[in-house]
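Chains as they are written, first to last, in the numbering used here: chain A, 5 to 587; chain B, 5 to 587.
Number of protein chains: 2
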Amino acid sequence: MYRTNTCGELTIKDAGKDITLCGWIQKSRDLGGMTFVDLRDRYGITQLVFNMETDGALCETARKLGREFVIQAKGTVRERSNKNLKIPTGEIEIEVNELNILNRSEIPPFTIEEETDGGEELRMKYRYLDLRRNSVKNNIILRHRVSQEVRKYMDSIGFIEVETPVLIKSTPEGARDFVVPSRMQPGTFYALPQSPQTLKQLLMVSGFDRYFQIVKCFRDEDLRADRQPEFTQIDCEMSFVERDDILDTFEGLAKYLFRQIKGIEFSEPFLKLPFNESMENYGTDKPDLRFGMKFTDLTAVTLGHDFAPFDTSEYIGGICAEGCSEYTRKQVDELTEFVKRPQVGAKGLFYIRYGKDGLLKSSFDKFFSQEDLDKLAVEINAKQGDLILILAGNKKKTLTALSELRLEMGNRLGLRTKDKFVPLWVVDFPLFEWDEETKRFYAMHHPFTSPKPEDVHLMEKDPGKVRANAYDLVINGIEIGGGSVRIHDTTLQKLMFKVLGFTDEEANEQFGFLLNAFRYGAPPHGGIAFGFDRWVAMFGGQDSIRDFIAFPKNNSGRDVMLDTPSQISDKQLDELQLKINPK
Amino acid sequence: MYRTNTCGELTIKDAGKDITLCGWIQKSRDLGGMTFVDLRDRYGITQLVFNMETDGALCETARKLGREFVIQAKGTVRERSNKNLKIPTGEIEIEVNELNILNRSEIPPFTIEEETDGGEELRMKYRYLDLRRNSVKNNIILRHRVSQEVRKYMDSIGFIEVETPVLIKSTPEGARDFVVPSRMQPGTFYALPQSPQTLKQLLMVSGFDRYFQIVKCFRDEDLRADRQPEFTQIDCEMSFVERDDILDTFEGLAKYLFRQIKGIEFSEPFLKLPFNESMENYGTDKPDLRFGMKFTDLTAVTLGHDFAPFDTSEYIGGICAEGCSEYTRKQVDELTEFVKRPQVGAKGLFYIRYGKDGLLKSSFDKFFSQEDLDKLAVEINAKQGDLILILAGNKKKTLTALSELRLEMGNRLGLRTKDKFVPLWVVDFPLFEWDEETKRFYAMHHPFTSPKPEDVHLMEKDPGKVRANAYDLVINGIEIGGGSVRIHDTTLQKLMFKVLGFTDEEANEQFGFLLNAFRYGAPPHGGIAFGFDRWVAMFGGQDSIRDFIAFPKNNSGRDVMLDTPSQISDKQLDELQLKINPK
Numbered sequence: 005m006y007r008t009n010t011c012g013e014l015t016i017k018d019a020g021k022d023i024t025l026c027g028w029i030q031k032s033r034d035l036g037g038m039t040f041v042d043l044r045d046r047y048g049i050t051q052l053v054f055n056m057e058t059d060g061a062l063c064e065t066a067r068k069l070g071r072e073f074v075i076q077a078k079g080t081v082r083e084r085s086n087k088n089l090k091i092p093t094g095e096i097e098i099e100v101n102e103l104n105i106l107n108r109s110e111i112p113p114f115t116i117e118e119e120t121d122g123g124e125e126l127r128m129k130y131r132y133l134d135l136r137r138n139s140v141k142n143n144i145i146l147r148h149r150v151s152q153e154v155r156k157y158m159d160s161i162g163f164i165e166v167e168t169p170v171l172i173k174s175t176p177e178g179a180r181d182f183v184v185p186s187r188m189q190p191g192t193f194y195a196l197p198q199s200p201q202t203l204k205q206l207l208m209v210s211g212f213d214r215y216f217q218i219v220k221c222f223r224d225e226d227l228r229a230d231r232q233p234e235f236t237q238i239d240c241e242m243s244f245v246e247r248d249d250i251l252d253t254f255e256g257l258a259k260y261l262f263r264q265i266k267g268i269e270f271s272e273p274f275l276k277l278p279f280n281e282s283m284e285n286y287g288t289d290k291p292d293l294r295f296g297m298k299f300t301d302l303t304a305v306t307l308g309h310d311f312a313p314f315d316t317s318e319y320i321g322g323i324c325a326e327g328c329s330e331y332t333r334k335q336v337d338e339l340t341e342f343v344k345r346p347q348v349g350a351k352g353l354f355y356i357r358y359g360k361d362g363l364l365k366s367s368f369d370k371f372f373s374q375e376d377l378d379k380l381a382v383e384i385n386a387k388q389g390d391l392i393l394i395l396a397g398n399k400k401k402t403l404t405a406l407s408e409l410r411l412e413m414g415n416r417l418g419l420r421t422k423d424k425f426v427p428l429w430v431v432d433f434p435l436f437e438w439d440e441e442t443k444r445f446y447a448m449h450h451p452f453t454s455p456k457p458e459d460v461h462l463m464e465k466d467p468g469k470v471r472a473n474a475y476d477l478v479i480n481g482i483e484i485g486g487g488s489v490r491i492h493d494t495t496l497q498k499l500m501f502k503v504l505g506f507t508d509e510e511a512n513e514q515f516g517f518l519l520n521a522f523r524y525g526a527p528p529h530g531g532i533a534f535g536f537d538r539w540v541a542m543f544g545g546q547d548s549i550r551d552f553i554a555f556p557k558n559n560s561g562r563d564v565m566l567d568t569p570s571q572i573s574d575k576q577l578d579e580l581q582l583k584i585n586p587k
Numbered sequence: 005m006y007r008t009n010t011c012g013e014l015t016i017k018d019a020g021k022d023i024t025l026c027g028w029i030q031k032s033r034d035l036g037g038m039t040f041v042d043l044r045d046r047y048g049i050t051q052l053v054f055n056m057e058t059d060g061a062l063c064e065t066a067r068k069l070g071r072e073f074v075i076q077a078k079g080t081v082r083e084r085s086n087k088n089l090k091i092p093t094g095e096i097e098i099e100v101n102e103l104n105i106l107n108r109s110e111i112p113p114f115t116i117e118e119e120t121d122g123g124e125e126l127r128m129k130y131r132y133l134d135l136r137r138n139s140v141k142n143n144i145i146l147r148h149r150v151s152q153e154v155r156k157y158m159d160s161i162g163f164i165e166v167e168t169p170v171l172i173k174s175t176p177e178g179a180r181d182f183v184v185p186s187r188m189q190p191g192t193f194y195a196l197p198q199s200p201q202t203l204k205q206l207l208m209v210s211g212f213d214r215y216f217q218i219v220k221c222f223r224d225e226d227l228r229a230d231r232q233p234e235f236t237q238i239d240c241e242m243s244f245v246e247r248d249d250i251l252d253t254f255e256g257l258a259k260y261l262f263r264q265i266k267g268i269e270f271s272e273p274f275l276k277l278p279f280n281e282s283m284e285n286y287g288t289d290k291p292d293l294r295f296g297m298k299f300t301d302l303t304a305v306t307l308g309h310d311f312a313p314f315d316t317s318e319y320i321g322g323i324c325a326e327g328c329s330e331y332t333r334k335q336v337d338e339l340t341e342f343v344k345r346p347q348v349g350a351k352g353l354f355y356i357r358y359g360k361d362g363l364l365k366s367s368f369d370k371f372f373s374q375e376d377l378d379k380l381a382v383e384i385n386a387k388q389g390d391l392i393l394i395l396a397g398n399k400k401k402t403l404t405a406l407s408e409l410r411l412e413m414g415n416r417l418g419l420r421t422k423d424k425f426v427p428l429w430v431v432d433f434p435l436f437e438w439d440e441e442t443k444r445f446y447a448m449h450h451p452f453t454s455p456k457p458e459d460v461h462l463m464e465k466d467p468g469k470v471r472a473n474a475y476d477l478v479i480n481g482i483e484i485g486g487g488s489v490r491i492h493d494t495t496l497q498k499l500m501f502k503v504l505g506f507t508d509e510e511a512n513e514q515f516g517f518l519l520n521a522f523r524y525g526a527p528p529h530g531g532i533a534f535g536f537d538r539w540v541a542m543f544g545g546q547d548s549i550r551d552f553i554a555f556p557k558n559n560s561g562r563d564v565m566l567d568t569p570s571q572i573s574d575k576q577l578d579e580l581q582l583k584i585n586p587k
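1) Hey, does I356 of chain A have any beta-carbon neighbour from chain B nearer than 8 Å?
2) Taking only beta-carbon atoms, is L582 of chain B less than 8 Å away from chain A?
3) Is V478 of chain A closer than 8 Å to V430 of chain A when the C-beta atoms are compared?
4) Look at the Cβ atom of A350 of chain A, then the Cβ atom of G397 of chain A, and state whether they are nearer than 8 Å.
5) Does E241 of chain B have its Cβ less than 8 Å from a Cβ in chain A?
6) Given this structure, state the Cα-to-Cα distance separating T80 of chain A from G414 of chain A, to the nearest angstrom.
7) Let me see if you follow: with CB-CB separation under 8 Å, is M542 of chain A close to chain D or not?
8) Could I get the ranges of all uninterrupted beta strand (DSSP E) runs contained in the region 282 to 337 of chain A, with 3 residues as the minimum, in chain order?
9) Under three-state DSSP, which class holds N86 of chain A?
10) Name the chain B residues that come within less than 7 Å of W28 of chain A, Cβ to Cβ?
11) Tell me K31 of chain B's beta-bridge partners as DSSP assigns them.
12) Less than 8 Å between the CB atoms is what I'm expecting for E99 of chain A and R84 of chain A, so what's the real figure, rounded?
13) Quick one: measure Cβ to Cβ for G525 of chain B and V74 of chain A, integer angstroms, because I've assumed they're closer than 8 Å.
14) With DSSP as the reference, label Q264 of chain A as helix, strand or coil.
15) Starting from M413 of chain A, find everything on chain B with Cβ-Cβ shorter than 9 Å and list it in chain order.
16) Do you know whose CA, among A:R71, A:E57, A:V183, lies nearest S573 of chain B's CA?
17) With respect to the alpha helix (DSSP H) encompassing V150 of chain A, which residues constitute its N-terminal and C-terminal limits?
18) Can you list the residues of chain B that R46 of chain A reaches, using a CB-CB cut of under 7 Å?
19) Within the 8 Å Cβ cut-off, does A521 of chain A reach chain B?
20) Taking all protein chains shown into account, do 16 or more other C-beta atoms lie within 10 angstroms of the C-beta of K400 of chain A, making it buried, or fewer, making it exposed?
21) Can you pull the DSSP bridge partners for I75 of chain B?
22) Please determine whether the Cβ atom of A304 of chain B lies at a distance below 7 Å from any heavy atom of the ligand MG.
23) Going by C-alpha distance, which of A:S570, A:K557, A:E483, A:H492 is nearest R538 of chain A?
24) What in chain A is Cβ-close to P233 of chain B, meaning under 9 Å?
25) Give the DSSP-derived three-state secondary structure of C63 of chain A in the structure shown.
26) Would you give the residue range spanned by the alpha helix (DSSP H) that D378 of chain A belongs to?
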């Protein structure tokens, strides 16, 4: 061993001990006859001190240590005169009597500090240095802790982690599959899994009634801001269960993780919010319930006042911003600008100020009497001092815009704090989505998602009305996981394919081995998959997943550190019997 | 919940309880007025009983249940009259009062029994059914348990599991890399990692001084009997350590796993056997030490007797097979045939019988007096009743052949039992291997493996003599893991590349980002990687890893269940800007 201790553990209790530490030079300061060096390792920082008087040569060596040099220091633990109570080791320092330089370092391309001078690009290129920064390092350690706790919990309730293959088969619909050419069978390809969905269903057929896996998945798609071509899921499946058995099980996991990782106790069951209600009340299927500001449908009470913007609208909805009646003209203009952004898409913003004096003033005063406004205020449950914000137009678009406005107001009012967590289940999603372009229904989730039993009779008559036995776990407006009860009944499965317009051949081509497996006794089953990167980022209090991945890729799917994807040799291409064929 | 209990837990204590079980029909028997059904799930088998007299209709339904039907049965736990003490539930049965068929099953292509009638090919095609068989299921559960225990132990000693990327960069030497064409940057490729070797070294540069990962690795190579194109490693690396710190740490892991999984306690430190000694004594770098039968070099005592086969040999070595002096002519002939097989490669077998009467009789009696033979017997430490087996020839080949003969004798004498485990470290491997064809040295492990400090002076003078600071964990003749202390010193690294005949450019092209990283303060570090599939198979008492992988590939790298690798669509190829270019 090069060291007796780490840089994060020595305290006043160790005073007098002879110890050896190893680590990186965080910084050093010369103060006349003394040189102070902050030595850093994974565990913390310990101050080393060198005295010109007691050992001039050693002190000279110490003075020449550059940032990020790797050293071994031997010495004695002493109480500090000038204590730093912000760090656990701040009451002691090491009086060094031997110093060995284990490795030198060039000047790093950016400072290894919390507030670094390195830009995103540079930090990604030198990710191994970025990982030395406390915040990034702690994110990676947090990720480890969460994965350990997930496994501990799942194991404790009888789930078996099974590794499913990474080299699987591409499906005709696998437009976003990464493929892997085979050298042993040139001209053929494996595909990397977008998820182990079908494999975990096979495991249910096998009788592994409680399966989970923390597993890499892959999707070759244009990357939006915070997606990665390879990402990690907590993938789970259970047999002989109904929907609420599954929700209870994974609510248990969520509560356990919040307890272990964040010290937060959820004693109440999570809210189960039907999709339709979520859309009506929050304009989204992933509502942030850290705050209220539920929508009020004002259509009935606003129509028929000869106010064209309302009278020509399918839907008029409002939210009540508590205590905002005194918003300035500028603030209201900002909100108007906000809702008119193309990403939000409203045509304009209407409002009613409910003055502290009890007077109601609106942006459409000419058309609404004080009494009319009062009716609106009652409808939306506003009180003196509130500001009512109203959007009008096509229902679907207006709900979406109102949702954005609600979140914006939540931000402005400081209602979306990082240390508050409100998890809920969104349930009863539609089973099908209608596609205007191709004029057909698509499975919203996947074709093995089962309808709610009470809606099966609508499958052929009115597919758009059929609710799926599907659910999402949403926390603070972010979808953390989603799943469904699967179809295990052959007749129902055939009906499903019929509604989706699949012929038997097409169904077989795409899902043949799963349909085959189902012929040999498939149990009732269902499951869920959680976005692990996303969940860890949420625990870490950050929006971006990137800094919770040791070596992430950028928005173009590049690893700038490894400089990949990159060209391969002609020899490799030849062996694979492939040719690059630029368009 | 579809069930109140599993099929593995009800015992005599539960008699009288009303319960609900779910599972698969293992078999059913009609005995006059009674029908008995064995119901199976992941946890065990419980007997259901249906009585024609009490409920004729229900009994009729039960009689029609086919093998592998999925049912739900409600009933009462009763003590059995005819107890089966071989299974935990064998003292009870369920008197069924309600039966629901959850799913039907076609007749499976092979019987779901321990002794199945299904051949390898069929079982692989229907792997989801094969996984229902107890032995295969238990292997997968064992794998889960081992992975849980590995993580528990590594976490307990401060190791952080870090997920390294699966989409990395192909290297010019990456002849066996699987590559992954990028759709977003057509004409370029990622590669799948053969191991996270360089990435874990980067993590050491980052300061994660204790890293591990249970991780999929990939190798596109002609598959020998028991290799898989995707396999799982326990990958580990540590900083600020010397060789014995690493060995102690992972000896701790091995001992922990043996204790937890097998209930075996190893109180003594594992033997550390230098490579050279292993070769001299056992003719292999992975000796099976469940038994002795160490080689004796008989060259000195056998030369000069005018016996040409000896006198023309570089090396004459023997083993002593205890108690085998009475081997029949046939047995000796079999051994002779064995050593002459091309895989073993000896020209012939020589032997000396040390009779129980004290007489020595050899296959080369004409050239050796009784006294000469006696000298040999003393040399090899034989006693009355033993059989001395001797091979002669080129040293390297003879050692290898003698190793095979030793293992064969171990098998014949029942010395290689599955329930005995003898782990050891093989250490001090050569740093370089000389390649006759290209007339140059290659790194035996990889170019970052450090030489033993005391051998550095030989690096240029006599590379073949330099020992590496490398080690393997060998158990029962199988290499379970291997690793090394890495080079962290730039000067030594340059010397290494020089001996390997790399120019600076070549070194940079292949290992650029790692060499770059090393410029910013690389700590002394080293590590190890274990073959997880192999280790689990060993714990499971089997030689083949295949049945410890849920969905394995066959010897041609095919997944016959998924039917992959397979062709992809022209659209997919177009998007990747690739063309199949058959030779």
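Idealized CB from N, CA, C, for every residue including glycine. Owing to the predicted nature of the structure, the values given are computational and were not obtained by experimental measurement.
In short, the structure shows the following:
1) The count along the first sequence starts at 1 and reaches residue 356 of chain A at position 352. No, no contact with chain B.
2) Counting from one through the second sequence, the residue named residue 582 of chain B turns up at place 578. Yes, L582 of chain B counts as interfacial toward chain A.
3) For the purposes of this step, residue 430 of chain A is identified with residue 426 of the first sequence, where counting begins at 1. For the purposes of this step, residue 478 of chain A is identified with residue 474 of the first sequence, where counting begins at 1. In this structure, V478 of chain A lies closer than 8 Å to V430 of chain A by Cβ.
4) In the first sequence, residue 350 of chain A corresponds to position 346, counting from 1. In the first sequence, residue 397 of chain A corresponds to position 393, counting from 1. Yes, Cβ-Cβ distance for A350 of chain A and G397 of chain A is below 8 Å.
5) If you number the second sequence from 1, residue 241 of chain B lands on position 237. No, E241 of chain B lies away from the interface with chain A (no Cβ there is under 8 Å from its Cβ).
6) Residue 80 of chain A sits at position 76 when you count from the first residue of the first sequence. Residue 414 of chain A sits at position 410 when you count from the first residue of the first sequence. Whole-angstrom Cα-Cα distance: 54 Å.
7) Note that chain D does not occur in the displayed structure, where the protein chains are A and B.
8) 319 to 325
9) Position 82 of the first sequence, counted from the start, is the residue given in the question as residue 86 of chain A. The answer is coil: DSSP assigns N86 of chain A none of H, G, I, E or B.
10) Position 24 of the first sequence, counting from 1, holds the residue named residue 28 of chain A. Neighbours of W28 of chain A on chain B, chain order: G211, G525.
11) Start at 1 with the first residue of the second sequence, and residue 31 of chain B comes out as number 27. Its beta-bridge partners are B:D42.
12) One-based indexing of the first sequence puts residue 99 of chain A at position 95. One-based indexing of the first sequence puts residue 84 of chain A at position 80. A Cβ-Cβ distance of about 11 Å is found for the pair E99 of chain A and R84 of chain A, leaving them out of contact under the 8 Å criterion.
13) Taking the second sequence and counting its residues from 1, one reaches residue 525 of chain B at position 521. Taking the first sequence and counting its residues from 1, one reaches residue 74 of chain A at position 70. So it is a contact: roughly 5 Å between Cβ atoms.
14) For this step, residue 264 of chain A is matched to residue 260 along the first sequence. Of the three classes helix, strand and coil, the one that applies to Q264 of chain A here is helix, per DSSP.
15) The residue labelled residue 413 of chain A in the question sits at position 409 within the first sequence. Against M413 of chain A, chain B offers no close residue; the least beta-carbon distance is about 37 Å (beta-carbon pairs closer than 9 Å).
16) Translated into positions along the second sequence, residue 573 of chain B becomes position 569. When each option's Cα is compared against that of S573 of chain B, the closest is A:V183.
17) Your numbering for residue 150 of chain A matches position 146 in the first sequence. Note, V150 of chain A: alpha helix (DSSP H), 138 to 160.
18) Position 42 of the first sequence, counting from 1, holds the residue named residue 46 of chain A. The contacting residues are G211, F212, D213.
19) Residue 521 of chain A sits at position 517 when you count from the first residue of the first sequence. It does; some Cβ of chain B falls within 8 Å.
20) As a first step, residue 400 of chain A is located in the first sequence; it is residue number 396 there, counting from the start. Counting the other Cβ atoms within 10 Å of the Cβ of K400 of chain A gives fewer than 16, which makes it exposed.
21) Numbered from 1 along the second sequence, position 71 holds the residue referred to as residue 75 of chain B. DSSP, once it has assigned bridges, lists B:G27, B:I105 as partnering I75 of chain B.
22) As far as ligands go, the structure on display features none, and thus does not contain the ligand MG.
23) Translated into positions along the first sequence, residue 538 of chain A becomes position 534. Of A:S570, A:K557, A:E483, A:H492, the residue nearest in Cα terms is A:E483.
24) As a first step, residue 233 of chain B must be located in the second sequence, where it is residue number 229. Within 9 Å Cβ-Cβ: L171, S186, M188, Y194.
25) By one-based count along the first sequence, residue 63 of chain A stands at place 59. In the structure shown, C63 of chain A sits in a helix (DSSP, three-state: H, G or I).
26) Here residue 378 of chain A corresponds to residue number 374 of the first sequence, with the count starting at 1. Where D378 of chain A is concerned, the enclosing alpha helix (DSSP H) stretches over 374 to 383.
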